[in-house]
Structure formats: C-alpha cells, structure tokens
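Novice:
Number of protein chains: 4
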Amino acid sequence: MIIVMEPKATAEQINIVKNSLEKKGFKIILNEGDVMTVIAAIGDKRLVDPASIASFDGVREVKLIQEPYKLASREGKEEDTVIEFPNGVKIGGLERPVMMVGPCSVEKDFEGLLRVAEAAKEMGCQFLRGGAFKPRTSPYDFQGLEGKALEYLAKAREMTGLLIVTEVMDTADVPLVEDYADIVQIGARNMQNFKLLKAVGKCPKPVLLKRGAAATIREFLLAAEHIMCNGNEKVILCERGVKGFDSTFTRNTLDIAAIPIIKKYSHLPVIADPSHGTGRRYLVEPMSKAALVAGANGLMIEVHHDPEHASSDGAQSLSIPLFKETQRRLNKLIGRIDYDNRQLKTQIK
Amino acid sequence: MIIVMEPKATAEQINIVKNSLEKKGFKIILNEGDVMTVIAAIGDKRLVDPASIASFDGVREVKLIQEPYKLASREGKEEDTVIEFPNGVKIGGLERPVMMVGPCSVEKDFEGLLRVAEAAKEMGCQFLRGGAFKPRTSPYDFQGLEGKALEYLAKAREMTGLLIVTEVMDTADVPLVEDYADIVQIGARNMQNFKLLKAVGKCPKPVLLKRGAAATIREFLLAAEHIMCNGNEKVILCERGVKGFDSTFTRNTLDIAAIPIIKKYSHLPVIADPSHGTGRRYLVEPMSKAALVAGANGLMIEVHHDPEHASSDGAQSLSIPLFKETQRRLNKLIGRIDYDNRQLKTQIK
Amino acid sequence: MIIVMEPKATAEQINIVKNSLEKKGFKIILNEGDVMTVIAAIGDKRLVDPASIASFDGVREVKLIQEPYKLASREGKEEDTVIEFPNGVKIGGLERPVMMVGPCSVEKDFEGLLRVAEAAKEMGCQFLRGGAFKPRTSPYDFQGLEGKALEYLAKAREMTGLLIVTEVMDTADVPLVEDYADIVQIGARNMQNFKLLKAVGKCPKPVLLKRGAAATIREFLLAAEHIMCNGNEKVILCERGVKGFDSTFTRNTLDIAAIPIIKKYSHLPVIADPSHGTGRRYLVEPMSKAALVAGANGLMIEVHHDPEHASSDGAQSLSIPLFKETQRRLNKLIGRIDYDNRQLKTQIK
Amino acid sequence: MIIVMEPKATAEQINIVKNSLEKKGFKIILNEGDVMTVIAAIGDKRLVDPASIASFDGVREVKLIQEPYKLASREGKEEDTVIEFPNGVKIGGLERPVMMVGPCSVEKDFEGLLRVAEAAKEMGCQFLRGGAFKPRTSPYDFQGLEGKALEYLAKAREMTGLLIVTEVMDTADVPLVEDYADIVQIGARNMQNFKLLKAVGKCPKPVLLKRGAAATIREFLLAAEHIMCNGNEKVILCERGVKGFDSTFTRNTLDIAAIPIIKKYSHLPVIADPSHGTGRRYLVEPMSKAALVAGANGLMIEVHHDPEHASSDGAQSLSIPLFKETQRRLNKLIGRIDYDNRQLKTQIK
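Protein chains in written order, with this note's numbering: chain A, 81 to 429; chain B, 81 to 429; chain C, 81 to 429; chain D, 81 to 429.
1) Strictly below 7 Å CB to CB, what residues from chain A border Ala120 (chain C)?
2) Rounded C-beta distance between Glu313 (chain A) and Leu151 (chain A)? I'm assuming under 8 Å.
3) Using beta carbons (cut-off 7 Å, strictly below), is Leu424 (chain B) in contact with chain C?
4) Thinking C-alpha only, which one of B:Leu277, B:Ala370, B:Gly192 is nearest Gly378 (chain B)?
5) Along chain B, in chain order, which residues have C-beta atoms closer than 8 Å to that of Ser397 (chain A)?
6) If you pair each beta-carbon of the segment 137-152 of chain C with each one of the segment 116-125 of chain C, do three or more pairs fall below 8 Å?
7) Let me know if Asp114 (chain A) comes out buried or exposed under the rule of 16 or more other beta-carbons within 10 Å of its beta-carbon.
8) For Gln93 (chain B), report the span of its alpha helix (DSSP H) as first-last.
9) Measure from the C-beta of Cys318 (chain B) to each C-beta in chain A and report whether the shortest distance is under 7 Å.
10) Whole angstroms is fine: what's the gap from Asn332 (chain A)'s alpha carbon to His356 (chain A)'s?
11) Run through the DSSP bridge pairs and tell me what Val322 (chain B) is partnered with.
12) Could you list which residues in chain C have their beta carbon closer than 8 Å to that of Asp114 (chain B), in chain order?
13) Roughly how many whole angstroms lie between the Cα atoms of Tyr419 (chain B) and Gly311 (chain A)?
14) Which whole-angstrom value describes the C-beta separation of Ala303 (chain B) and Leu277 (chain B), a residue pair presumed to lie in contact below a C-beta threshold of 8 Å?
15) Along chain B, in chain order, which residues have C-beta atoms closer than 8 Å to that of Lys344 (chain C)?
16) List the residues of chain A whose Cβ lies closer than 7 Å to the Cβ of Val87 (chain C), in chain order.
17) Can you list, in chain order, the residues of its chain with a C-beta nearer than 6 Å to that of Ile109 (chain C)? Leave out the 5 residues immediately preceding and following it.
18) Take the Cβ of Met239 (chain B) as the centre, count every other Cβ of all protein chains shown within 10 Å, and call the residue buried at 16 or more, exposed below.
19) Which same chain residues end up closer than 6 Å to Asp137 (chain A) when comparing Cβ atoms and leaving out the 5 residues on each side of it in sequence?
20) Between Gly182 (chain D) and Val383 (chain D), how many whole angstroms is the CB-CB distance? I'm expecting something under 8 Å.
21) In the DSSP assignment, find the beta strand (DSSP E) that holds Arg209 (chain C) and state where it starts and stops.
22) Which partner residues does Glu86 (chain A) have in the DSSP bridge list?
23) What does the alpha-carbon distance come out to for the pair Met179 (chain B) and Gly415 (chain B)?
24) Give me the chain A residues within the contact set of His306 (chain B), using Cβ-Cβ distance strictly less than 7 Å, ordered along the chain.
25) May I have the straight-line CA-CA distance separating Thr251 (chain C) from Ala252 (chain D), to the nearest angstrom?
26) Does the beta carbon of Ala91 (chain B) sit closer than 7 Å to a beta carbon anywhere in chain A?
27) Evaluate the contact criterion for the segment 229-243 of chain B versus the segment 206-217 of chain B: three or more CB pairs, one atom per stretch, below 8 Å.
28) Which chain B residues are close to Asn273 (chain A), counting only those with a beta carbon under 9 Å from its beta carbon?
29) Taking only beta-carbon atoms, is Cys283 (chain A) less than 7 Å away from chain B?
30) Can you pull the chain C neighbours of Asp353 (chain D), defined as C-beta to C-beta under 7 Å?
31) Figure out for me which residue from A:Ile297, A:Val350, A:His306, A:Thr328 has the closest Cα to the Cα of Gly324 (chain D).
32) For chain D, find out if any of its Cβ atoms is closer than 7 Å to the Cβ of Lys143 (chain B); answer yes or no.
33) At least one CB of chain A closer than 7 Å to the CB of Ile180 (chain D): is that the case?
34) Would you check if the distance between the CB atom of Asp335 (chain A) and the CB atom of Val315 (chain A) is smaller than 7 Å?
35) Please say whether Gly168 (chain B) and Thr161 (chain B) have beta carbons closer to each other than 7 Å?
36) Scan the segment 234-276 of chain C and note each continuous beta strand (DSSP E) run of 3 residues or more that stays entirely inside, going in chain order.
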C-alpha cells in the first residue's frame, strides 16, 4: 500500500499514519520528496481497510499495490483451474471451448425447449441454458416459470444428455436451484448481492458468475473471491458487456479485452455472452469469434425455437436454423483453437 | 411504440408486425417514407414486450414513446408524494428538506454511535443512519454487526427521538429489519435485486431506494415501480453517484441533474448522498448544497465519531466537529429553501 | 513516481529500471515486499515519460504521485488567479460570479442579437457570448457566419458595453478572433487540439477552455497547461458536461463536483455551462444554482430571441422572457454568495 | 423524424409544430394516443435541425429515424468501398486485411525506423506508420520531429516500398503532409476538428479517421461525412478504443463490436488499432485477432526498435522480435480470412 500525503501534511500527521500502520504489522518506508511525502507500507493489505487509512488527516490518496483478491488471483495459484463435470466435460485452461445455448427464459412450451436442446446436442454443444427465475427491468414483464422451469430443464437434460445452467436470484431459492442445475448462475444484476454470493459459496455445484454492467475487473474478481472464500472454488467468470455511452446500436459494450486481462491475473475459466453483450442477433457471430480468439473458454448464446414470440430478449435470440448455421462456423473455429491448444499442451509437457 | 423497419423490409414483413400488434389491441398507423416505413402503435405498452417486437424480421428498431413505469410516473399522479412519519416528520414535495446522518456501519462502540446521534439531534437532523448489514466489495472487510446493530440503533432512537434508516440486503432479513427501522434502505448494489424489491414492496415501512451505479433514470424508476406494484407506495429515491470514466478524484459522479429530472417525471421524493457520491470529505459540503438548490428533499451524510478508526468508508465520513460546522451552513441554506418553498405553497393555494 | 514490478520480475530487471531512473536524476528507494518489489522514484516527473518506464520488462504498473501539470497547479501558486478586464470586471477567487449569456451562434438577424444583449445588460450580466465559427456534428447543419458574426458582436459590445466571448476553431483564425473577442473560447471538441492551444497560448486575450466530453480532470488541467506554458496564464476553465451512459433525459452529465475539485487542485477560475451541460431548457436553472453554490466563478447560458427558429441548439436556449425570470432568481443567489465571499475576504485579511 | 409531444401539449402547440414542418416540405401524420400525441414527419431530415423542432413549446422529445449521414451510409451506396493504391495494395470489402506498423512517433534515429520498416516488409506488411506531429496530453512530452520526420518516412518508403501513414494535426500543415503521405491520418483527439476534416476533404490522398475516445458511432460516421461532402470519398475508419470506467488494466476499451456495426451501416473500410486501444503490449495479439475475426479490413500496430527508449507510448509498443513472432501468428489468421473471403467473392459472383 502506498500512502501519498498532502504537500502540506505536518510531521505529526505523517507520524500518526506511520505508527498506526506499524502497529498493524506493516513495514514502513518513508519516501520524502521536495513536494510531498510518500509512505510505502509493506505487508498484508487485508489487515487494514485502505479507506480507513485514507481518512487520516493529511492523507491525499491511498494506492493499492497488490490486488485485494487472493484465492481468485494467479499469484496464489499459477496453474489454470479446470472444472470437470461427471460426464467428462471440462471448462478452463487449454480445454476445448464449451458452448452453452438455449432460450433466455424457459417458457410453458416444453416442446420448444426440447427442439432447442436437440439442435444444441446435434451441433455438439455441452450445455443447455434457460432462466427459471428471470430478473426483469420492468415489473410488468414475464418473470419466469420458477419450479416448473427447473423440471423442464431436468427433463431436457435426461432426454439429451446436455448439462444444465440456470440462474438463482435469491438466497431462499439456492437449495432448489442447486438440486436441479449442473451450474448455478449468478446474473449481472446480482454480481454484488453478497448474501447470495455467500450462499452459492457454500453450494457443491460450480457457479457461473456474470460481470455486472458497471463492474470493474477488480470488483468482478472480488465478487468471485466472495464465493471462493466461502468454500466453493469452482467459479466460471462470464463477460457479458458493460454500460457504455453509446446505446444506439447495442445494449452493452462487450469488453473483449477483459478476457485476456482476467486470464493474466486469475486462474479461473472465463466465458463470454455475446447475446446479452450486444443485444443484436447480427452481432452474435462476429463477437463470438472475437471472444474465442481472445481466449474465452466458452460461449453462452441465446437460441429460441420461435424468437418472435419469446417471452424475453427475442431480439438477440437466434432461431434454430440460424443457430445451426452460425454454430457450424463457430465449430470450425473452435476446432482450430482446440488443435492449437493441444499443440501448446504438448509443448508445455 | 414506434417501430422503424429496415429500408429493405418487405411488404409481408411489415404486415406481420402490423397484424401482430393489432391482435394485441394496438391502433396502428403506417408512415411510409421514401427510404423506410415507420409503424406507430398506439395503446398500452405493457401488453407487449418491445423486445419481442424487435425480434421480428425486418425490424430495425423499436422506440418507446411512453415511459414504462406507471405508478412512479407523474403522468399517473400529478401531486407530489409526501411521506409522513408518526412523529410528524415529512419528506417530499415542498416540505423542509430532511437530514439523515450517521456512520456508514454501526460498530461495537455504542457510545460512539450515541455521540453521533446526539450531535445530529442537536443540529436539528431528523434521521440516524447506520448499516447493520454491510455490502462490502471485498470479502475480507468488515461485514456488519447485524442484529446487534439493529438493537443499538433502536436504543439510540429511544434516547434521542431520531428516526432510524438502515439497509436490508436479503429477503430473509426483511422481517427483522422492518421491525427495527423507520425507513428500510435498499443499497445501490441491490437496486435490481428484484426479489428483494418485491419483499420490501410488501412491507409497511417506507423504502429508501438508492440508484445503482450504472442505472439509467428509467431503470431507477422501474426499480421503484417493482416496489410500488407490490403495494408499497412510500418510496424515497436516493441519487448516490454513477460510475464515470474519471476515478482519480472521486469514487463516483454525483449526478445532480438526476434530481430535477426525476422531479419532472415522477412524484416521489428524491434525496442525495454526497458522501458515497463523491467518496471525499471535502466534497460533502459543496455537493450537499448543490443537491439542495437543485431540489433535493433531503440529504444522507456519513458522520463518524472517530473517522480514522471507522470500520468502513472513513475517508468520506465527517468527524463530529466537522459535521457540526458543515451542518450549521447547510441549515442556513435549508432555512432559505424552506422559506421559499413555503411562499410557493401559499401561492399555489 | 511509483513503479510496481511484476511478482516474477528478476533482480536484473529491477536493476535496469533503477539505473535508468538514477541516470535521469531521480532518487530511488526500493521497497521489497514478500510478493513484489515497489520502486519509489523521487524527482521531477517531467524529466521522464512514465510510459517509457512502463515499457521496461518486468514492470507491472507506473503510478504518478505528483500531478503532471505545474503552472495550472495550486501547488505552484497558492492564491487564486483573478482575471481583470479593462472595464473592471473580474473573474476568479472570491469575486462576484459573472454571467455570460447569448445565442449559441450569431445569426443574420442583428436585431435579435441586440435584443438578447440588451436583456443581458438589463439583468446585470457582464458578457455576451455567441458563436461566429460553429463546430457542428453534421456537415449539413449551419456552420456560422464567421467574420460577419464577429462584426455583429463588436457592434453589440459598442451599444451595450458587454464584453464578448466567442470561439476560435482553427489556428488560422486566431488573429482574426483575438482582434474582436474579449475572451477567446476553445470548444470542448478542441480541448486537445494542441496546435490551437499553443496558438491561443501566444495570444494576449484571456482564454475560456471548455472541458472535453470525455476528458478527465487531469487531462483538462494539462490542456490548460498547454496554453499557459506558451505564455498565456489567463485561462478560465469551463465545465460543460461529460459523456454518460444515460442520454435519454440529457445530452451530457454536468459534473458539478469538478468545480470544487478543480478549485482544490488549481488556482484558475472555473465556470459552468448548464445549457450545453444538460441540453434541456428546464434544467438550466437548477443546474445553474448547483454550480454556483458548489463554487463556480460564473455561468455561461444560452439565450435566444426566438429559440424556435434558432440555427442551433434551440432546445436548450432560454427565450428572453424566460431568461429574465431565471436571471432574477440567479441574481438573488449570486448576491448572497457575493455577500458571503466578501465576508470571507475580510476574515482572510 | 418522430416528434413526441408532452402529455399536456395544447392543440395549438401541436398545430404550430405541424405547420412549421409542413412548410419545410415534410409530410405529417398525427398519431393521437390516450396520453400523448406523436407526430411523424416524413421527408428529408437535412432540411431542418431536429434541435430547432425540440425547442418548440410542448415538445417532449424528437427522435431521428433516418441516420443523418448520407455519403457514408450503406443506404446510399450498397457495395463496399475498396481503396486502391498506385502499387496495387487495396483496403476494404473482401480484400486481404492490411497491416500498418511502425513507431508511435518518428525519432531522430533513422536507422531505428529503417529496422522497423525492414521487419515490416519482411513480414509482408503493406504500410509504415509513424508520427511526425504528435498530439501529447502533457506539453512537457516529446512533440514530434515534424518536417524532418516526414523526410525520414519518405526515405524509408523509398528503401522498402512500404506505403506511408502519418497524422496531420492542423489545417496549416495539410499541404506539407499530403505531399509526403500515402494516407493522411486524423487522430482521435481531432475527430471533431471540423476545419481539419474540411481541409483533408479537399486533399487527393485517402484519409484514415480515428474514432474519438467518446464518439458514438453516429458521431464517427458524421465526422467521415464532413470529409466526404468536401469531395474526398476515400475514408478509412479506425476503431482505437473508447473511454470506459475501468482504467486499471487498459487505457481504453477497444470496442470490437463497432467493427461489424459500422460494416452493416456503412460501406467504408474499417481497421482497428489494438496498441492505442489497450495500451498494453500483452493485449495486442489477442485484440488484433479479435478485430480480424470480427471483420476488420486491417490493423494498425505500434512497433519500436527499442521500446524502452521510445519517445512516446513505449508500454504498448512491440519490440522487433516480439512483433515478428506476433505477426507470424497474425499472418496465419489473415491467410485463413483471406481464403474464406475469396470463397465468398466467388459465391457472390
């Protein structure tokens, strides 16, 4: 931690900061410049809240040197986390990128869901996604089928062998959702719902954590840390677009660079959601490709058997024929990436 | 709702959109230009999800004309909502702006809390704020005293007569918090925790809803709508800063213009939180004044008896002496505003 | 300057950075932690481009401690800069806040301009603003009357005694504009047009520098530094709104906090432009008041004799009657601020 | 154009708007809803400034239907613009993506520049980039060698056959720069320097226009329109990152989605600059690949013979060996894209 003092800070103010940190076990180095004094405090950041140091008189600014997440950080664990499912599917590291596809929300028409699942299976996808509980900006929009939807997903899993990804929105629903899901999803709007993070941190299933629309990468990794420090280290991060100043052509700005950045600073798997990340059907394919070549361990894409009558997010959903056509091209690219990754694995060995 | 078709949309595509909307009870007017056709659909937006219209082939864009919130809108209720508490304190409309002050989180030291409460009382403030459950970006930071904190707040209320504002973070805690609080607060990070909004929508106490750091004003009012359509119309909105591109000098950008904008489009009371909105002690006073003259119905300010040892947010907390000095100047401004407002009330009558 | 090394940086990499900085005259202190080494380099930042240090192998991040602007900084010059005009009008410090009003662009109808100028004079304003050269987002919109407009402004000055503020867009026009203007304005879109900053830096007239829509406060002050280091220290800064993620209700987010922040870190006068900062007529008054109580040394407001037929920015312009009504209330507030400031001046003496 | 009236607008206010637009040749359709009236005005937007309509009393909002750019729009010209250089190199459409590489700024050491140029040539690149005039945020940083730099670039062109891209910052320098350059570059900070856009609009050389850090896609295309409507239709657009709320890990957010969006709405070639777009060396390769698979017609990358002693932007520059290694992998990807594009061209024929 670096503490920059105000140019006018008195010797006494500097001393108070110094002593307070020394008491907490930090090693202190004073750097006295012509204009201002800078204090370097070396030690475990987690022993002290930087904001409390910033509140001392005469302190201009506190700068963190070491990232405040520990379990999520590559500094603590160098090798990539690879999450393996009972059926052998793996996510992370140099494993073949996975595909999670399905409707935004599970609707009453089970046949429609099944048709999507069958198309996904046919195209080699590994996961079926679908919302049972739906966070909706407007209270007048469709809110999800809840328990019924979870049963439908389980039935589709039984019939196709796909694994199930579905969102949980409230601590009270965690036991129910973790019973049905293979991956429990935390939506972007709940990325800092800390009670919910704690609850899924105690759950045995892997968690897919979506980045909040205004979350910095540091806040995103700290949200993962909330889950991990409660015992669940199987966290998959999902970049799904951040708020930008131009909403004429897209809902969000899909931050592709977040993928290689997170891979540098964390060992956790990262996937991308180009459907929510753009909100436009025609952008799903180019942004899927961009995410894959930038290093994504998988993609989450919305597919609906009848987008024009979808209960939510129809505008960004692919119809089944369009999905198949797109997936064919994505599979070609995934094949190449997988081939390159396998070469890399051999070299590393 | 205005539907802009693609320049190349076929007559058949236009017809499908037209028929689908007519079936849902909309009156349709076709505007055929040289380049593209624009469809005006007049009727109740809530009968149809605009995203589902956007998903039809040939549709370029769907533009909403009428705001999608109804209960929160001034179109539905012209006169200002004024919330009155059992002790006669009122928030909203042309009532004297109120002050909510106190520490970010309630800590073990009850005496400290009491000293803040007594100073608040002395300076004419109406509310004591303090977190029992604390949302913290890092899992290693102080998370709040929970039940113990609620008891402390209740005790401070008893001793000073101040009303209590405190945050609830999870549906499971709503019964406990509503038992103790005079106002139940929803934090910025939970602004779109829809299960929680629903739960406080069923609670008898007024709700203070903080704006999410990346929430548009429309999303903010829709979050209020989630509470209101569950039966609780006593919602106080709180502007507390949005994410900006410059975090060198402040934590957030306090969006002062949001105050008069919300007052134009909604009848609900609006307050501002300059402490979280800036994250810097020296900005609390000028931004408090800015919010008040822009029309805020109140302010929420962090005050701590010992900011240098606060468990959270010390850097933006005022010490008791600094608070008193600041509040003295704010009271002068509040007095002038109250005088002007009373003149206005007389004129209106 | 603080240089954070990568956890894996080698002793040799650390040495190369250290030696390179020592050669440039910096005093070096090594802070070796368990995880990473942090180098404090104490000396004149301007001797070295931090980006070049960031390019050494093994460097994770370079953090600036001292702000890179010098002439604009309060560290170099503690007392407020007050700019005085030949007619005795002053801007800055504790002087009475000034008003700059007028149409967005000067149009063919001189009588209209004169009516605005006369109303401004009547209401006690000091400056007439009006664009001769107009930056327009679309090439098909009105681009300004150029030389003709400058003559009109000069004529209005002669008839009313108001001082003239007008924008220059190109180095080639600087001699012409500085001939007519009392204050030469640099528009937000040209805030980083460094050739133009250099040109007005050599001009004898005060410069009004508008903040770019995506400029950080640091970039804004560095743009002022470009002007000042070319010899012109009479720079007035103008906050006029930054790009935000919500453009439904406003064009920009007027960053009121920028006013007290700049006042803390710089001695230059700061004004605000609530017309461009919001783009909405009904927001001009509340945001004007907010800027004034937050410490602005003046306001720039658009007034048009016939907003419905303005060549540009009609939606945010006040008509003459609305301006008078608004200005009456603003004058009341300015009077109180001036009174308080004069008390302060007496106390300081 | 759609004009949404306030719910309380009077019949007379509606009539004034209607008549004013009819006089300007628009066809008017009134859509009267229960709550408010919506006016559709069909005709040529450029006959009227929407802001002037927005300034009428009773108008809530004016929404544009047709994009305000015409020459840059794909609606006006369906086939892709392909720019061909005298040596046969082509940019745009389904042509092989091109590479523009070189140092941020041209420095005194000609041998260094030549080594970069030779490496670029060896790796199959088509263009040498290098700044003669350098826009610098701080006035104390290196500002460019100007004329000398242009001579160096010309000499390097002569020796390697590479084409030259270099920036012009001021109208006064346009004749000089267009004499030397094969492509004249407009930097991001000058994207709305309209006098400069006009000047290069009259120049015979192709123009590379960089997106401003806070420019919407609409503003970006309108800036291109400024150049095109002055006679120069050879405009290459360059995405180089926009301002975001997280600057911990990158300088800017490279908006990859802008590439397919612009390709949908405009016929102009689009390239990406991952060096400025991220500011970090390790992100150049993944973001280059992302831009290419998303449809970019080329890339601009910073390469320096000695990044640790570069006069500017060393942290994001590749050294020559790192460049070669990266370019080898990019060439492999470019080869595949080119192969796919040629297949597509055959199918289209």
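Positions of the beta carbon are idealized from the N, C-alpha and C atoms, including for glycine.
Specialist: The answer reads as follows:
1) Asn111, Val118, Ala120
2) 7 Å
3) no
4) B:Ala370
5) Ser135
6) yes
7) exposed
8) 91-103
9) no
10) 8 Å
11) B:Thr333
12) What Asp114 (chain B) touches in chain C: nothing, since even the nearest Cβ is about 17 Å away.
13) 58 Å
14) 6 Å
15) Tyr362
16) The amino acid at residue 87 (chain C) is misidentified as Val; the sequence shows Pro. Chain A residues near Pro87 (chain C): Glu155.
17) Ala120
18) exposed
19) Gln93
20) 6 Å
21) 207-209
22) Beta-bridge pairing links Glu86 (chain A) to no other residue.
23) 13 Å
24) Pro219
25) 8 Å
26) no
27) yes
28) Pro215, Met249, Asp250, Arg269, Asn270, Asn273, Leu276
29) no
30) Those do not exist, as Asp353 (chain D) stays about 16 Å from chain C at its closest Cβ, beyond 7 Å.
31) A:Ile297
32) yes
33) One detail in the question is off: residue 180 (chain D) reads as Met in this sequence, not Ile. No, its Cβ sits nowhere closer than 7 Å to a Cβ of chain A.
34) no
35) no
36) 243-247, 263-266
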